[in-house]
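Participant: Protein sequence lines, in the order shown, are assigned to chains A and B. All residue numbers for the first sequence refer to the working numbering, where the first residue is 7 and numbers rise by one. All residue numbers for the second sequence refer to the working numbering, where the first residue is 21 and numbers rise by one. For every residue, glycine included, the Cβ atom is placed at its ideal position computed from N, Cα and C.
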Amino acid sequence: MSCADLMETLQMYVDGTTDPEESRRAEDHLAECEDCRHRVEGWRRVARVVAGLEPVMAPEGFADRVMESIRREAAVPRRVAIHDSHESLTVSWTWAAAAGLMIALGLVLWLGPEGSAAANVARGLLQFLASLLGR
Amino acid sequence: MSVARSWAGLPDEKLAELSAAGDTDAFAELVRRYQDRLYGLALRLTGDRQEAEDVAQEAFINIFRALGRYRRGERFAPWAYKITSNLCIDHLRRRRGQVVSLDAPSGADGEEDEQRPIPDWSSSPEKVVLEQEGEQQVLQAIDELPPNYRLVVLLRHVDDMTYDDIAAVTGLPLGTVKNRLFRAREMLRRKLSHLRQGTAEARSVST
Numbered sequence: 007m008s009c010a011d012l013m014e015t016l017q018m019y020v021d022g023t024t025d026p027e028e029s030r031r032a033e034d035h036l037a038e039c040e041d042c043r044h045r046v047e048g049w050r051r052v053a054r055v056v057a058g059l060e061p062v063m064a065p066e067g068f069a070d071r072v073m074e075s076i077r078r079e080a081a082v083p084r085r086v087a088i089h090d091s092h093e094s095l096t097v098s099w100t101w102a103a104a105a106g107l108m109i110a111l112g113l114v115l116w117l118g119p120e121g122s123a124a125a126n127v128a129r130g131l132l133q134f135l136a137s138l139l140g141r
Numbered sequence: 021m022s023v024a025r026s027w028a029g030l031p032d033e034k035l036a037e038l039s040a041a042g043d044t045d046a047f048a049e050l051v052r053r054y055q056d057r058l059y060g061l062a063l064r065l066t067g068d069r070q071e072a073e074d075v076a077q078e079a080f081i082n083i084f085r086a087l088g089r090y091r092r093g094e095r096f097a098p099w100a101y102k103i104t105s106n107l108c109i110d111h112l113r114r115r116r117g118q119v120v121s122l123d124a125p126s127g128a129d130g131e132e133d134e135q136r137p138i139p140d141w142s143s144s145p146e147k148v149v150l151e152q153e154g155e156q157q158v159l160q161a162i163d164e165l166p167p168n169y170r171l172v173v174l175l176r177h178v179d180d181m182t183y184d185d186i187a188a189v190t191g192l193p194l195g196t197v198k199n200r201l202f203r204a205r206e207m208l209r210r211k212l213s214h215l216r217q218g219t220a221e222a223r224s225v226s227t
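(1) What does A/E40 reach in chain B if we use C-beta pairs closer than 7 Å?
(2) Given this structure, state the Cα-to-Cα distance separating A/Y19 from A/L59, to the nearest angstrom.
(3) From the DSSP output, in three-state form, read off B/D185 for me.
(4) One question on the structure: do B/F96 and B/V51 come within less than 8 Å of each other, judged by their Cβ atoms?
(5) Do you know how far the Cα of B/L192 is from the Cα of A/R45?
(6) So that I know if they touch, is there some Cβ in chain B lying closer than 8 Å to that of A/R51?
(7) For the alpha helix (DSSP H) holding B/H111, just list the boundary residues, first then last.
(8) Could you check how far apart the C-beta atoms of B/L63 and B/T104 are, in whole angstroms? I think they sit under 8 Å.
(9) Mind checking which residues open and close the alpha helix (DSSP H) that includes B/V173?
(10) Could you tell me the distance, in whole angstroms, from the CA atom of B/L112 to the CA atom of B/P167?
(11) What ranges does the alpha helix (DSSP H) occupy inside the stretch 26 to 51 of chain A, keeping only unbroken runs of at least 4 residues that lie completely in it?
(12) Locate the alpha helix (DSSP H) running through A/V82, then write down its first and last residues.
(13) Counting only beta-carbon atoms, is B/Q160 nearer than 8 Å to chain A?
(14) With distance defined between alpha-carbon atoms, name the residue in B/T190, B/I186, B/L175 nearest to A/V56.
(15) For B/Y169 and B/K102, what's the separation of their Cα atoms in angstroms?
(16) Can you tell me whether B/A49 is buried or exposed, with buried defined as 16 or more other CB within 10 angstroms of its CB?
(17) Quick one: what does DSSP say A/T23 is sitting in, helix, strand or coil?
(18) Taking the alpha carbon of A/M7 as the point to measure from, which residue in A/L36, A/P26, A/L113, A/T23 has its own alpha carbon closest?
(19) Could you give the C-beta distance for B/V158 and B/A204, rounded to a whole number, given that I count them as a contact under 8 Å?
(20) Taking C-beta pairs closer than 8 Å, name the residues in chain A that B/R170 reaches, listed in chain order.
(21) Between which residues of its own chain and B/A161 is the CB-CB distance below 7 Å, once the five residues before and five after are set aside?
(22) I'd like to check one pair, B/D56 with A/V82: are the Cβ atoms closer than 8 Å?
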């Protein structure tokens with residue numbers, strides 16, 4: 007088996023996630039391939055130096071500052087804001103629909119033959135809508 | 021502190037559920053448990069302490085806001101890391117309005133190298149200068165990796181995550197995670213081949 011074929015197995019071997027059969031295959035290959043021995047040693051070295059970096063600590067007072075923001079946010083009743091915007095959206099759609107309907111009925115009245123059934127219905131509906139909006 | 025005592029022994033997942041139900045004290049315990057890890061990830065990805073603090077703070081606020089979508093039984097750590105690392109990558113994308121490739125080596129041309137700030141990841145200024153010398157080389161080498169490669173290396177070696185967890189954090193298929201880790205390790209192996217004994221490596225071996 008070539009080095010390229012074993013690259014994933016070798017990486018898993020370094021990470022300690024190979025099963026016994028894969029470990030044996032990795033070890034057999036390493037015993038006879040100097041390039042891969044260097045590579046695996048290099049990876050282990052990388053793992054050691056990265057894991058060995060000085061641990062990082064959050065700055066003094068960091069958690070308090072985070073919680074101050076969180077508590078401020080938690081205190082705001084978010085549902086009210088969402089409800090308000092939803093309601094105003096619903097109201098504006100109602101107005102738009104009413105205006106659209108009135109324009110359509112106006113067109114029927116204007117273009118339709120005088121005294122026709124369609125014109126009479128449109129006139130009746132328009133008077134009804136106007137009385138609703140006028141309230 | 022009484023808060024720390026009362027939550028001790030409760031798993032992160034239980035604290036997340038309590039937090040989702042509006043218990044801000046439970047969330048304060050999660051912040052306490054994760055502040056060093058998530059700030060550390062932000063610092064190592066951005067290379068700047070002030071930016072890391074801003075990003076980590078924003079990450080915790082985003083985590084809190086996203087708790088409504090947290091699924092019962094889901095592991096908290098990869099979920100929180102995912103939110104944090106996404107935010108870091110977004111910050112790197114937006115940084116100074118530059119178009120920064122997240123997959124290409126950032127130190128490819130010398131010009132860009134000169135503009136980049138020297139990463140300051142140190143949290144203990146009293147450290148011995150000799151120790152810093154080796155550590156700075158390691159930090160510099162990691163900092164020169166493309167951010168998406170830096171992320172998998174940090175998750176694997178600093179946070180000791182499994183391939184599956186890294187896949188969960190990055191949203192990448194397992195095969196892509198292994199491939200990125202392989203390429204990142206190869207880049208680091210070449211960059212650090214000259215590193216002397218008596219530096220960060222020696223310290224890590226001795227601990």
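Facilitator: On the basis of the coordinates in this document:
(1) In chain order: nothing, as chain B lies at least about 15 Å away.
(2) In a straight line, the C-alpha of A/Y19 is about 23 Å away from that of A/L59.
(3) Note: B/D185 maps to helix in three-state DSSP.
(4) Not a contact, by the Cβ cut-off of 8 Å.
(5) The alpha-carbon atoms of A/R45 and B/L192 are separated by roughly 25 Å.
(6) Between A/R51 and chain B, the shortest Cβ-Cβ separation is below 8 Å.
(7) 96 to 114
(8) In fact, because the Cβ distance is near 11 Å, the residues do not count as touching under 8 Å.
(9) 167 to 173
(10) Their Cα atoms are separated by approximately 8 Å.
(11) 26 to 38
(12) Careful: A/V82 lies outside any alpha helix (DSSP H) and carries neither H nor E.
(13) no
(14) Relative to A/V56, the option among B/T190, B/I186, B/L175 whose CA is nearest is B/L175.
(15) 15 Å
(16) What sits at residue 49 of chain B in the sequence shown is Glu, not Ala. By the C-beta density criterion, B/E49 is buried, having at least 16 other C-beta atoms within 10 angstroms.
(17) coil
(18) Checking every option, the nearest Cα to that of A/M7 belongs to A/L36.
(19) Actually they are not in contact, since the Cβ atoms of B/V158 and B/A204 sit about 13 Å apart, beyond 8 Å.
(20) Result: empty, since nearest Cβ-Cβ is about 10 Å, beyond 8 Å.
(21) If you ignore the 5 residues before and after B/A161, its C-beta comes within less than 7 Å of the C-beta of L208, K211, L212, all in its own chain and listed in chain order.
(22) no
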